[in-house]
Amino acid sequence: MHGLDEFLQSCAEMDAPFAEWVSSTDQLILSDHPESMEIFRTMLSGDLKPYLKPGFNAIAAVNSPMQCMMKEVCAQCLCRHVDSVTGEPSRYVFSCFNQHQPLFELDFKNLLARQGQNSVQEKLSNAWLDYLIEGRQTEPAMQDAVSAWAHEVTHEPVDQDNHPAP
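The letter at position 48 of the sequence shown is residue 48 when you use UniProt numbering, and the numbering goes up by one with no holes.
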């Protein structure tokens, strides 16, 4: 993954004062796309494990919808955790309340699904805010944004102007 394993292996093999950071690190905090964090988790529990300090902990920064932040009210930010040994679902966590989740317990497929579900609403909210704040958007432009959103939600065909196809 992006040469990380080679970098960590090189650090472990070097006889330099800065090279000890890998084996002496207690915790990493990752903030990346769910796919990348899942790959990182696999590497940390596999090939890279011998280079890590015993008891090492990894935290994933899970982004929540910014329009929420209502602290456990709307449930748009629910993250499913899985038991790291059995792989079975263990609990659900509101990420708006705590965006730092244990890396080895996150269900990344669930996280991707939740982020995909929220993206439609975020795109529509952004288009509406652009319309209100910038004042440069015309009424037809907003109609195009709504048509594009409706297409994304319903998967109905649209023409080149993002209007429903006949």
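Where a beta carbon is used, it is the ideal one built from N, C-alpha and C, also for glycine.
DSSP beta-bridge partners of residue i
| i | result |
| --- | --- |
| C79 | V93 |
| L30 | A60 |
Reduced DSSP category for residue i - H, G, I as helix; E, B as strand; rest coil
| i | result |
| --- | --- |
| Q121 | helix |
| N98 | coil |
| L112 | helix |
| L106 | strand |
| P54 | coil |
| S84 | coil |
| D15 | coil |
| E134 | helix |
Limits of the unbroken alpha helix (DSSP H) element including residue i
| i | result |
| --- | --- |
| L44 | P34 to L44 |
| V22 | W21 to S24 |
Distance between residue j and residue i (C-alpha atoms, nearest Å)
| i | j | result |
| --- | --- | --- |
| L78 | G55 | 27 angstroms |
| C110 | D15 | Note on identity: in this sequence residue 110 is Asn, with Cys being the wrong assignment. When rounded, the distance between both Cα atoms is 42 angstroms. |
| H100 | G46 | 22 angstroms |
| D83 | C74 | 25 angstroms |
| F108 | R114 | 10 angstroms |
Local Cβ density within 10 Å of residue i, reported as buried at 16 or more and exposed below that
| i | result |
| --- | --- |
| A60 | buried |
| L48 | buried |
| R41 | buried |
| P34 | buried |
| D26 | exposed |
| V85 | exposed |
N-terminal and C-terminal residue of the beta strand (DSSP E) that residue i is part of
| i | result |
| --- | --- |
| residue 170 | Outside the modelled stretch of the chain, which goes from 1 to 166, sits residue 170, for which no answer is possible. |
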